[in-house]
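Read the structure below first, then the notes.
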Amino acid sequence: MDLTYATYLKLDQLLLLQTPRSTPPEHDETLFIIAHQAYELWFKLQLHELEKIKRDFLTNHEYGAIATFKRVRTIMKVMVEQVDILETLTPMSFNSFRARLETASGFQSSQFREFEFLLGYKRADMLRYQHLGTPGYQQMVRRLHEPSVYDAFYVFLEQRGVAIPDEIKQKDVILPTAPNEVVADGILRLYKLQPDLEILFELMTDFDEGFQEWRYRHIKLVERSIGSKKGTGGSLGVEFLKKSLFQPIFPDLWAIRHKL
Ligand code: HEM
0 MDLTYATYLK
10 LDQLLLLQTP
20 RSTPPEHDET
30 LFIIAHQAYE
40 LWFKLQLHEL
50 EKIKRDFLTN
60 HEYGAIATFK
70 RVRTIMKVMV
80 EQVDILETLT
90 PMSFNSFRAR
100 LETASGFQSS
110 QFREFEFLLG
120 YKRADMLRYQ
130 HLGTPGYQQM
140 VRRLHEPSVY
150 DAFYVFLEQR
160 GVAIPDEIKQ
170 KDVILPTAPN
180 EVVADGILRL
190 YKLQPDLEIL
200 FELMTDFDEG
210 FQEWRYRHIK
220 LVERSIGSKK
230 GTGGSLGVEF
240 LKKSLFQPIF
250 PDLWAIRHKL
């Protein structure tokens, strides 16, 4: 049979994957499921694109990194905007099926953690919330032990003449990115001297700001949907989420803004 739109995209399988749990059916559960599935697809694409950025950095392919940062930044904007759709769900309508989620929560999204780990925001204790031995768990362990996009960025900077301190080069790969003054000074110098790199650094800052924006929008979504209730994942909810609200992904890019 000829390849068709449906067979290429495996639509028969894809469209069977939305199965609301509420009986009698709650109208809005379909939106809730599709929105989360859409996010998981975006996470998958973001991971794919960030892998490319890592390779671009390692091979000193500046324009490749610029093009792909433009893409991940744009996808991030769509991810932020998508929160609007979930905000059409009222607290009462969400409550009508919330119990059906039992202890399931976005908290357990292994792709979201992979995304954080790949970017360099590594928190090994997040493995606790995954079931041991599942593919998601294994992927998280792999990402935790792999160099991050930011580790690859150090290699890129070194190729551009920035002296990367030994303490950074010898850092345990499972630790999160830490701000470093020497690296920040090196970036500052390149910012001022090389307009092409200025474009790259601005795109990286856009992406970072976009991710923080997602965290903010998600917290507000949570606050308006469940207020001060605990999360289905067992955390304190809004209070827990606030802790990573202003978490920068590329701290050295923020540290120098007042010197530019
Ligand atoms: C009505 C909608 C939503 C509510 C009420 C909600 C609620 C929560 C709560 C309370 C938490 C804290 C963990 C817990 O105890 O459960 C959480 C975490 C999380 N949620 Fe949502 N959420 C919603 C929509 C979404 C959507 C659409 C996504 C997209 C994938 C998402 C992804 C996440 C992620 C990744 C975390 C972990 C964040 C972190 O650890 O920094 N949530 N959510």
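Just so it is clear: in the sequence shown, position 63 is 62 by numbering that gives the first Met the number 0, and no numbers are missing.
In this text, a Cβ means the ideal position worked out from N, Cα and C, and glycines have one as well.
Quick caveat, the model's predicted, so the values are computed rather than measured.
Distance, residue j Cα to residue i Cα
{"i": "residue 53", "j": "residue 150", "result": "9 Å"}
{"i": "residue 268", "j": "residue 141", "result": "The question about residue 268 has no answer, for the chain in this structure spans 0 to 259."}
{"i": "residue 249", "j": "residue 24", "result": "44 Å"}
{"i": "residue 136", "j": "residue 130", "result": "7 Å"}
{"i": "residue 243", "j": "residue 234", "result": "13 Å"}
{"i": "residue 81", "j": "residue 72", "result": "14 Å"}
{"i": "residue 255", "j": "residue 84", "result": "36 Å"}
{"i": "residue 168", "j": "residue 199", "result": "22 Å"}
{"i": "residue 247", "j": "residue 177", "result": "10 Å"}
{"i": "residue 185", "j": "residue 161", "result": "5 Å"}
{"i": "residue 237", "j": "residue 40", "result": "25 Å"}
{"i": "residue 166", "j": "residue 15", "result": "51 Å"}
{"i": "residue 12", "j": "residue 50", "result": "27 Å"}
{"i": "residue 180", "j": "residue 26", "result": "53 Å"}
{"i": "residue 258", "j": "residue 6", "result": "54 Å"}
{"i": "residue 60", "j": "residue 116", "result": "22 Å"}
{"i": "residue 239", "j": "residue 210", "result": "17 Å"}
{"i": "residue 91", "j": "residue 208", "result": "32 Å"}
{"i": "residue 0", "j": "residue 146", "result": "44 Å"}
{"i": "residue 86", "j": "residue 10", "result": "27 Å"}
{"i": "residue 58", "j": "residue 194", "result": "20 Å"}
{"i": "residue 251", "j": "residue 152", "result": "11 Å"}
{"i": "residue 171", "j": "residue 216", "result": "33 Å"}
Whole-Å CB distance - residue i paired with residue j, under 8 Å assumed
{"i": "residue 45", "j": "residue 114", "result": "6 Å"}
{"i": "residue 22", "j": "residue 103", "result": "17 Å between Cβ atoms; not a contact."}
{"i": "residue 173", "j": "residue 143", "result": "5 Å"}
{"i": "residue 189", "j": "residue 196", "result": "5 Å"}
{"i": "residue 154", "j": "residue 56", "result": "6 Å"}
{"i": "residue 93", "j": "residue 227", "result": "Actually they are not in contact, since the Cβ atoms of residue 93 and residue 227 sit about 15 Å apart, beyond 8 Å."}
{"i": "residue 19", "j": "residue 32", "result": "6 Å"}
{"i": "residue 88", "j": "residue 30", "result": "6 Å"}
{"i": "residue 106", "j": "residue 120", "result": "In fact, because the Cβ distance is near 15 Å, the residues do not count as touching under 8 Å."}
Any non-hydrogen atom of ligand 1 closer than 7 Å to residue i Cβ
{"i": "residue 85", "result": "yes"}
{"i": "residue 106", "result": "yes"}
{"i": "residue 221", "result": "yes"}
{"i": "residue 252", "result": "no"}
{"i": "residue 136", "result": "no"}
{"i": "residue 35", "result": "yes"}
{"i": "residue 120", "result": "no"}
{"i": "residue 217", "result": "yes"}
{"i": "residue 243", "result": "yes"}
{"i": "residue 230", "result": "yes"}
{"i": "residue 74", "result": "no"}
{"i": "residue 225", "result": "yes"}
{"i": "residue 240", "result": "yes"}
{"i": "residue 92", "result": "no"}
{"i": "residue 21", "result": "no"}
{"i": "residue 116", "result": "no"}
{"i": "residue 236", "result": "yes"}
{"i": "residue 111", "result": "yes"}
{"i": "residue 44", "result": "no"}
{"i": "residue 209", "result": "no"}
{"i": "residue 143", "result": "no"}
{"i": "residue 88", "result": "yes"}
{"i": "residue 233", "result": "yes"}
{"i": "residue 38", "result": "yes"}
Residue i and residue j closer than 8 Å at C-beta
{"i": "residue 139", "j": "residue 109", "result": "yes"}
{"i": "residue 118", "j": "residue 148", "result": "yes"}
{"i": "residue 111", "j": "residue 42", "result": "yes"}
{"i": "residue 213", "j": "residue 75", "result": "yes"}
{"i": "residue 101", "j": "residue 70", "result": "no"}
- Item | Contact the segment 88-98 vs the segment 120-130: 3+ CB pairs below 8 Å | Between the segment 88-98 and the segment 120-130, the count of Cβ pairs shorter than 8 Å is below three; the stretches do not touch.
- Report yes or no: do three or more beta-carbon pairs, one from the segment 217-228 and one from the segment 200-208, lie closer than 8 Å? Contact fails: fewer than three Cβ-Cβ distances are below 8 Å.
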